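K.L.:
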Amino acid sequence: MHRITHRRRLALATGAAAVALLAVSGCGGGAGAPEAPPARQATTSPAQQGSMINVTVNEFSFVMAKRDLTAGTYTFMLDNVGSAPHAMALKGPGMGTQQSDVIDGGKKTEWTVTLQPGTYEVWCPVGNHRAQGMETTLTVK
Ligand SMILES: [Cu+2]
Numbered sequence: 001m002h003r004i005t006h007r008r009r010l011a012l013a014t015g016a017a018a019v020a021l022l023a024v025s026g027c028g029g030g031a032g033a034p035e036a037p038p039a040r041q042a043t044t045s046p047a048q049q050g051s052m053i054n055v056t057v058n059e060f061s062f063v064m065a066k067r068d069l070t071a072g073t074y075t076f077m078l079d080n081v082g083s084a085p086h087a088m089a090l091k092g093p094g095m096g097t098q099q100s101d102v103i104d105g106g107k108k109t110e111w112t113v114t115l116q117p118g119t120y121e122v123w124c125p126v127g128n129h130r131a132q133g134m135e136t137t138l139t140v141k
């Protein structure tokens, strides 16, 4: 009788997994740190020629978006949000007394003037509106 023992051992080779290292190449500083953006100044836009200024008129108020200006040419965008007719009058250096068109309630008009340094009176020349509060002042430097 023959007993044949047949053993085989399989040597399992454990393959070492190669870990691929991603080399981060810092090449010459091409991709540098982000540069700080240029500083921006939050300026209110200085008065330029033809600057528009919103003016809202009502019974009985006179509201200007800006009342401190520098000398130059301005277009007043007059918006009558009331129901009575209104207008805008100005009195000051270099212009004497002038006024815009009178506009009915719900209408708009534009009025362009050139202002010099000084203080201007602003009011509504319709009826007795000025006495009822439709007036303000404008300072030009
Ligand atoms: Cu008025």
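In terms of the UniProt record's numbering, the sequence shown opens at residue 1 and continues consecutively.
Every residue, glycine too, gets a C-beta built ideally from N, C-alpha and C.
Bear in mind the structure is a predicted one, so any value in this text is a computation, not a measurement.
In the DSSP assignment, what residue or residues form a beta bridge with Ala89?
P.N.:
Here residue 89 refers to the residue found at position 89 when the sequence shown is read from its first residue. DSSP lists Gln99 and Trp123 as partners of Ala89.
K.L.:
Determine the DSSP secondary structure at Phe60, reduced to helix, strand or coil.
P.N.:
The sequence position of residue 60 within the sequence shown is 60, counting from 1. Three-state result, Phe60: coil.
K.L.:
Does the beta-carbon of Val63, which I'm using as the reference point, lie nearer than 6 Å to any heavy atom of ligand 1?
P.N.:
One-based indexing of the sequence shown puts residue 63 at position 63. For ligand 1, not one heavy atom lies less than 6 Å from the Cβ of Val63.
K.L.:
Confirm, please, whether the CB-CB distance from Thr112 to Phe62 is below 7 Å.
P.N.:
Counted from its first residue, the sequence shown places residue 62 at position 62. Counted from its first residue, the sequence shown places residue 112 at position 112. No, Cβ-Cβ distance for Phe62 and Thr112 is not below 7 Å.
K.L.:
Put Leu138 into one of helix, strand or coil per three-state DSSP.
P.N.:
As a first step, residue 138 must be located in the sequence shown, where it is residue number 138. In this structure, Leu138 counts as strand in the three-state DSSP scheme.
K.L.:
Can we count Val122 as close to ligand 2, meaning its CB is less than 6 Å from some heavy atom?
P.N.:
As far as ligands go, the structure on display features ligand 1 and does not contain ligand 2.
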